[in-house]
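Mapping of the sequence shown onto numbering that gives the first Met the number 0: residues 0 to 250, in sequence order.
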Amino acid sequence: MEYTVKQLADTAGVSVRTLHWYDAKGLLRPARKTQAGYRVYTEVQVDILQQIMFCRALEMPLDEIKRVISSDGFDLDTSLARRREALVMQRDRINTLIDTLDKTVKSRKGDVIMTDKEKFEGFKQAAIDKNEAAYGAETRQKYGDSEVDASNKKFKNMTQQQYDEMTALGAEINARLEAAVKNGASPSGEEGREIAQMHKKWLTFTWQKYTPEAHKGVAQMYIADDRFTACYDKNIKGCAKFLCDAVVENM
C-alpha cells in the first residue's frame, strides 16, 4: 500500500510537518517522489516510522535514532525486541515509583512504617532501570555483568546523604565543564586536573574498585558513543571531549 505524506501523517497520528522534518534529518525518506515532487511512502517507511515513534516514546534523541536505524547491522526484528525490553523496563520503573508513592501515602496515614531509606529506594531503582535501558548493553559488554551488577547494588544501597552528594557533584562537574569549554581552558591545565579528580570521586560512589585505566576507558566512551556525548554536550558542545582529554591526560 502507498501513502501520501498527508495519509501517512493521519495514519500515524503525527503532523505533515513532522514527516517533512524527519525527511530533512535523514530519518525517514519517502520511497519515491512523483513528477510533481510529492512524497510517496510504502510499508517499508511505515515500519521505519513505527521504530522512530517507539524510540521517541523512550525519549531517545533524534541523532541516536538515526544512528540506530541507519546502521549497517540494523535488523527490524532485533530492534523491536530491544524496544520491547526498554519499554518493559520503563513500565517497571513507573510501577516502582507508584509503589513508593502508595507506601508513602499509607505511612502518612499511619498504616505502615516507612524508613527514610525506603522513601528513596524507588527513585534509585528508577535511575538504575533508566540507565540500563539507555546504556546497559554497552556497559555490560565492556565491563561484564558482575561489575555492572555490583555497581548497581552499591548505588541502590547508598544513604540519602551519599545520593545527594553524588547528585550535587555530578551537577557541579557539568557546570565546571561548561565553564571550562566556554572560557577556553586547557584539559591538561589546573581546571582540567580538578575536573578529572571530581569525576574520579563521582565514579567511586558506585564503583567497587577504581583504576586509572578503567577511568580512561569510561572517558573515552563519552566521545565514542553519541548518547554519552549528547548528555555532556546538551548545553555547550565540546564538554564530553574536554572531560575525556582531562581524564586521559591527568589520571
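Don't be surprised by glycine CBs; every beta carbon is placed ideally from N, CA and C.
If you're wondering where the values come from, they're calculated on a predicted model, not measured in any experiment.
- For the 8 Å CB-CB criterion, glutamate 193 and asparagine 234 do not form a contact.
- Residue pairing of valine 15 in beta bridges, as defined by DSSP: absent, with no partner found.
- Within a 10 Å sphere around the beta-carbon of alanine 174 sit fewer than 16 other beta-carbons, which makes this residue exposed.
- Distance from the CA atom of methionine 165 to the CA atom of aspartate 128, rounded to whole angstroms, is 18 Å.
- Under the three-state reduction of DSSP output, lysine 129 falls in the helix class.
- Between alanine 170 and phenylalanine 241 the beta-carbon gap is near 17 Å, outside 8 Å, which marks them as no contact.
- The beta carbon of valine 147 is closer than 6 Å to those of Thr138 and Arg139 in its chain, skipping five residues each way along the sequence.
- Between glutamine 50 and isoleucine 68 the beta-carbon gap is near 6 Å, inside 8 Å, which marks them as a contact.
- If you draw a straight line from the Cα of leucine 48 to the Cα of aspartate 71, it comes to about 18 Å.
- The beta carbon of glutamate 131 is closer than 7 Å to those of Met88 in its chain, skipping five residues each way along the sequence.
- Rounded to whole angstroms, the separation of the alpha carbons of glycine 12 and alanine 184 is 47 Å.
- Annotation for arginine 82: Phe53 place their beta carbon closer than 6 Å to its own, counting only its chain and skipping 5 residues before and after.
- The beta carbons of proline 60 and alanine 229 sit about 5 Å from each other, so the pair counts as a contact at 8 Å.
- Here asparagine 156 is exposed: its Cβ has fewer than 16 other Cβ atoms, across all protein chains shown, within 10 Å.
- Around alanine 245, the same chain offers Pro186, Gly191, Ile194 and Ala195 as residues with beta carbons nearer than 6 Å, after the five sequence neighbours per side are excluded.
- The distance from the Cβ of alanine 23 to that of threonine 41 is about 20 Å, inconsistent with a contact at the 8 Å cut-off.
- When the beta-carbon positions are compared, aspartate 46 and leucine 75 come within less than 8 Å of each other.
- For arginine 90, the three-state secondary structure derived from DSSP is helix.
- Rounded to whole angstroms, the gap between the alpha carbons of leucine 202 and aspartate 225 is 20 Å.
- A Cβ-Cβ separation of about 18 Å leaves glutamine 219 out of contact with serine 150 under the 8 Å criterion.
- Spatial neighbours of arginine 66 in its own chain (CB-CB distance under 7 Å, excluding positions within 5 residues in sequence) are listed in chain order as Asp225.
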